[in-house]
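Peer 1: Numbering (UniProt numbering), first residue to last: 1 to 242.
Don't be surprised by glycine CBs; every beta carbon is placed ideally from N, CA and C.
As the structure is a computational prediction, the values presented were derived from the model and not from experiment.
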Amino acid sequence: MKVVVSIGGSVLVPKPGADRVAEHAAVVEDLVADGCRVGAVVGGGGVAREYIGAARDLGANEIELDQLGIDVTRLNARLLIAALGEDAVTAPAENYDEAGEALRRGDVSVMGGVAPAQTTDAVGAALAEYIDADLLVYATSVPGVYSADPNEDDDATKYDDLSADELVDVIAGLEMNAGASAPVDLLAAKIIERSGMRTIVLDGTDPDRIAKAVRYGEHDGTDVIPDGAGEEPTYWAQDEDE
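1. Helix, strand or coil, according to DSSP, for Val28 in the structure here?
2. Do Ala139 and Ser6 have their beta-carbon atoms positioned less than 8 angstroms apart in this structure?
3. How big is the Cα-Cα spacing for Arg209 and Arg20?
4. Excluding the five sequence neighbours on either side, which residues of its own chain have a C-beta within less than 8 angstroms of the C-beta of Leu101, listed in chain order?
5. Helix or strand or just coil, what does DSSP make of Gly179?
6. Measuring CA to CA, which of Ser163, Gly9, Leu68 and Ala148 is closest to Ala54?
7. Could you name the residues that DSSP lists as bridge partners for Ala139?
8. Apply the 10 Å Cβ neighbour rule to Arg37 and answer buried if 16 or more other Cβ atoms are within range, or exposed otherwise.
9. Within 7 angstroms: the Cβ of Arg215 and any heavy atom of the ligand ADP?
10. Give the DSSP bridge partners of Thr73, in chain order.
11. Take every Cβ of the stretch 153-170, pair it with every Cβ of the stretch 96-111, and state whether three or more of those distances are shorter than 8 angstroms.
12. According to DSSP, is Tyr146 helix, strand or coil?
13. Output yes or no for whether 8 angstroms exceeds the beta carbon distance between Ala40 and Leu79.
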């Protein structure tokens with residue numbers, strides 16, 4: 001089974017430290033031991049936002065700010081690589097060819113950002129499409145996809161499952177509302193739509209949730225189900241009772 005796990009920077013590195021990174025690395029290592037080939041994509045989180053805010057105040061333009069954000073995602077990716085040790089590549093892959101080659105070798109591939117104007121949400125979806133992954137997991141700081149920003153709207157409804165088309169519509173609606181927070185961005189949603197990628201969006205602050213979603217298809221997040229697929233996962237999954 002091939003799986004891509006996109007871990008938000010605020011999930012993996014809410015503040016500089018080792019414990020949370022080590023816990024997520026242990027889950028990746030366990031999945032590899034189970035026979036999975038794993039590609040991980042790491043975001044920038046609050047650290048990136050702080051650097052970008054400071055650079056904006058200093059007069060940096062938007063492309064320069066994007067490049068700064070990419071640098072931070074790659075620093076966070078290096079933390080995950082350090083925790084994975086010999087199971088991972090020695091440096092973050094800078095393009096999809098590098099990431100795919102690492103997976104073909106049997107290594108854990110780790111990426112941060114790739115290009116300006118593209119988030120790591122989109123990188124995760126593009127990597128999953130590139131390697132023809134069985135599953136894409138977004139480990140975010142929210143429990144799934146909502147009809148509105150749950151931090152701003154008490155009436156926001158969480159979706160247990162969505163088609164890829166519905167995901168695009170929901171995310172587009174959120175992004176049109178200034179200041180609204182979406183768990184994945186619109187480009188990522190459109191890549192998921194065109195690729196037919198089975199996707200799970202979940203709260204990854206507890207990394208065990210990632211492991212259960214991959215192993216058993218069990219989670220409290222949102223399933224994005226490709227057209228023509230059944231409600232049950234089509235990827236390899238174990239029975240938790242076994």
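Peer 2: Inspection of the coordinates gives the following:
1. In this structure, Val28 counts as helix in the three-state DSSP scheme.
2. Yes, they are a contact pair.
3. Using only the alpha carbons, I get a separation of about 14 angstroms.
4. Reading the sequence as shown, one finds Glu at residue 101 and not Leu. Within the same chain, Glu101 has no close Cβ partners at all.
5. Residue confidence is low: Gly179 scores 44 on pLDDT, short of 50, so the model does not pin down where it sits. Its coordinate-derived value is still stated next. If DSSP states are grouped into helix, strand and coil, Gly179 belongs with coil.
6. A check of alpha carbon separations from Ala54 across Ser163, Gly9, Leu68 and Ala148 identifies Leu68 as the nearest.
7. Looking at the DSSP output, Ala139 bridges to Ile7 and Leu202.
8. Around the beta carbon of Arg37, 16 or more other beta carbons sit within 10 angstroms, so the residue counts as buried.
9. Questions concerning the ligand ADP fall outside what the structure shown contains, since it holds no ligand whatsoever.
10. The partner list for Thr73 (beta bridge, DSSP) is empty, contrary to what the question assumes.
11. No: fewer than three Cβ pairs fall under 8 angstroms.
12. Here Tyr146 sits in strand by DSSP.
13. Contact flag unset, no.
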